[in-house]
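Chemist: This structure is in structure tokens; I'll ask about it shortly.
In our numbering, the protein residues as written are 1 to 303.
As structure tokens, then:
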């Protein structure tokens with residue numbers, strides 16, 4: 001069974017058009033979206049802008065791609081929780097399957113979605129929870145953050161908010177996986193220390209709770225994203241973690257970064273649209289350029 005996977009499209013129309021072309025060429029049984037599908041404008045009504053984009057541009061994408069295969073959605077930190085009702089509407093119209101904190105059957109496997117990641121300086125905290133070793137007030141979150149409350153982004157005190165939330169490890173326990181060997185785990189955030197979480201600022205920003213979870217959950221494959229530049233800096237887009245292959249295709253520049261593979265023969269078939277069958281990445285944009293672009297994005301967030 002062939003499957004396709006991509007993350008971090010961020011609403012880029014050219015990437016979505018190319019993705020429809022690729023699905024038409026590859027003919028996978030299903031397409032999996034790993035988080036940060038939506039664009040995010042930080043001025044004005046961000047949730048309203050995403051809702052409008054989902055009802056127009058993303059609906060057009062579904063109309064084009066779902067005659068070819070169903071789509072499985074796992075959210076990322078850019079995909080605001082306030083849009084969940086719109087996604088539910090679209091799931092009634094199209095074969096769009098929402099995986100957040102759910103296990104969904106697909107032929108002989110289950111797809112499990114986990115959208116949460118560690119608290120950081122990111123101010124929109126709907127998908128963020130304290131990771132292992134992250135104490136309240138010491139995780140880099142701004143004093144005031146934006147949480148989705150009653151469907152609207154609302155400013156809240158970060159220390160008070162996170163004190164009332166479960167940790168990443170506790171939330172992960174809510175997603176019960178009876179048989180990891182027949183489960184494909186989609187987690188927007190990569191496991192800590194895998195290299196798939198290496199940023200241009202030389203920081204590792206993956207989830208420690210996920211890394212610990214993988215020690216006793218032998219998934220054949222886990223799919224990630226979030227750190228666009230990681231493959232170019234760690235020089236690999238897939239890696240072996242015990243019995244598990246962990247994959248972050250990355251997403252950089254104008255060429256769509258996606259992967260296709262056959263289940264269950266993942267190791268023999270995992271293929272990147274840019275790098276082919278080799279898990280190695282030999283060259284790429286310099287880290288200084290990536291860091292400059294990261295800082296430009298962050299400045300646009302905090303203004």
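Heads up, the beta-carbon is just placed ideally off N, CA and C, and yes, glycines get one too.
Assuming residue 60 is part of the alpha helix (DSSP H), what are its boundary residues?
Modeler: Here the alpha helix (DSSP H) through residue 60 covers 59 to 65.
Chemist: Mind reading off the beta-carbon distance from residue 264 to residue 244? Whole number of angstroms is fine, and I expect it under 8 Å.
Modeler: Actually they are not in contact, since the Cβ atoms of residue 264 and residue 244 sit about 13 Å apart, beyond 8 Å.
Chemist: Between the alpha carbons of residue 208 and residue 126, how many angstroms are there, rounded?
Modeler: Going from the Cα of residue 208 to the Cα of residue 126 covers about 19 Å.
Chemist: Any idea what DSSP makes of residue 50, helix, strand or coil?
Modeler: Residue 50 falls in the helix class under three-state DSSP.
Chemist: Could you spell out where the alpha helix (DSSP H) holding residue 233 opens and where it closes?
Modeler: Segment 230 to 234, the alpha helix (DSSP H) holding residue 233.
Chemist: In its own chain, which residues sit with a C-beta less than 6 Å from the C-beta of residue 76, not counting the 5 before and 5 after it?
Modeler: Correct list, in chain order: 35, 36, 188.
Chemist: Under a three-way DSSP split, which group does residue 240 fall into?
Modeler: Three-state DSSP puts residue 240 in a strand.
Chemist: So, with DSSP's three-state summary, where would you put residue 6?
Modeler: Three-state result, residue 6: strand.
Chemist: Classify residue 179 as buried or exposed, calling it buried when 16 or more other Cβ atoms lie within 10 Å of its own Cβ.
Modeler: With fewer than 16 Cβ atoms within 10 Å of its Cβ, residue 179 is classed as exposed.
Chemist: Residue 68 to residue 23, Cα distance in whole Å?
Modeler: Their backbone Cα atoms lie some 7 Å apart in a straight line.
Chemist: So what does DSSP say about residue 75, is it helix, strand or coil?
Modeler: Residue state, collapsed to three classes: coil.
Chemist: Pick out whichever of 150, 156, 213 has its Cα sitting closest to the Cα of residue 174.
Modeler: Considering only alpha carbons, the answer is 213.
Chemist: Throw me the rounded Cβ distance for the residue 120 and residue 133 pair, which I believe falls under 8 Å.
Modeler: Between residue 133 and residue 120 the Cβ distance is about 13 Å, and since that is not below 8 Å, they are no contact.
Chemist: Tell me the rounded alpha-carbon separation between residue 115 and residue 13.
Modeler: About 23 Å.
Chemist: Which two residues bound the contiguous alpha helix (DSSP H) that contains residue 26?
Modeler: Run containing residue 26: 13 to 26, per the alpha helix (DSSP H) assignment.
Chemist: In the DSSP assignment, find the unbroken alpha helix (DSSP H) run with residue 172 in it and report its ends.
Modeler: Looking at the DSSP string, the run of the alpha helix (DSSP H) that includes residue 172 is 168 to 174.
Chemist: What residues in its chain sit with their C-beta under 7 Å from that of residue 10, if we drop five residues either side in the sequence?
Modeler: Result list for residue 10: 36, 39, 78, in chain order.
Chemist: Below 8 Å CB to CB, which residues in the same chain sit around residue 27 once its five sequence neighbours on both sides are set aside?
Modeler: Around residue 27: 2, 68, 69.
Chemist: As an exercise, report each continuous alpha helix (DSSP H) stretch of at least 4 residues that is fully enclosed by the stretch 69 to 124, in chain order.
Modeler: Listed in chain order, the complete alpha helix (DSSP H) runs (minimum 4 residues) inside the stretch 69 to 124 are 84 to 93.
Chemist: Assuming contact is defined by CB atoms lying nearer than 8 Å, are residue 71 and residue 109 in contact in what I supplied?
Modeler: No, Cβ-Cβ distance for residue 71 and residue 109 is not below 8 Å.
Chemist: Got a sec, what are the start and stop residues for the alpha helix (DSSP H) residue 199 sits in?
Modeler: Run containing residue 199: none; DSSP gives neither H nor E here.
Chemist: Out of 166, 17, 31, state which residue places its alpha-carbon closest to the alpha-carbon of residue 4.
Modeler: Minimum Cα distance to residue 4 is reached at 31.
Chemist: Cutting at 7 Å between CB atoms, please list the residues of its own chain near residue 303, excluding the five before and the five after it.
Modeler: At residue 303, the pLDDT of 27 sits below 50, so the modelled position is not reliable; the number obtained from the coordinates is stated separately. Answer for residue 303: no residue qualifies.
Chemist: According to DSSP, is residue 156 helix, strand or coil?
Modeler: Three-state DSSP puts residue 156 in a strand.
Chemist: In the DSSP assignment, the beta strand (DSSP E) including residue 215 goes from what residue to what residue?
Modeler: It is not in any beta strand (DSSP E) - residue 215 instead sits in the alpha helix (DSSP H) that spans 208 to 215.
Chemist: Leaving out five residues on either side along the sequence, give the residues of the same chain with a beta carbon under 6 Å from the beta carbon of residue 318.
Modeler: Here the chain has residues from 1 to 303 only, and residue 318 is not among them.
Chemist: Please report how far the alpha carbon of residue 83 lies from the alpha carbon of residue 289, in whole angstroms.
Modeler: Taking the straight line from one Cα to the other gives about 33 Å.
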